[in-house]
Amino acid sequence: MEVDSDELQRIWDAKQARRMRLARLPIEEKIRILVRLQELAAPLLRARGRQVVVWKIERDRTL
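Going by our numbering, the letters in the sequence shown line up with residues 30 to 92, in that order.
Below you can see the structure in the form of structure tokens.
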């Protein structure tokens with residue numbers, strides 16, 4: 030499979046733009062995202078025998 034340099038540049042630019050958007054988020058939103066990722070990963074890790082603790086936060090208000 031060949032990918033041309035224009036397509037690679039488009040992908041690179043999109044990744045950079047997403048990183049910049051995430052970097053500008055408030056810390057509270059970054060923590061909400063992190064907890065959501067913990068929730069998604071927990072069942073898979075538990076199935077592999079890992080002990081997992083998902084942070085408990087209030088989602089209605091800011092931290």
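Ideal Cβ placement from N, Cα and C applies to all residues, glycine included.
Residue i - DSSP class collapsed to helix/strand/coil
i, result
"Val82", "coil"
"Glu57", "helix"
"Val64", "helix"
"Gln38", "helix"
"Arg75", "helix"
Close beta carbons around residue i, own chain, < 7 Å, minus the five adjacent residues each side
i, result
"Trp84", "Val64 and Gln67"
"Pro55", "none"
Residue i at chain B interface by Cβ criterion, 7 Å
i, result
"Arg47", "Here chain B cannot be found, since the structure has a single protein chain."
Chain-order list of residues whose beta-carbon lies under 6 Å from that of residue i (same chain, five-residue window excluded)
i, result
"Arg61", "none"
CB-CB length for residue i against residue j, believed under 8 Å
i, j, result
"Val81", "Arg75", "6 Å"
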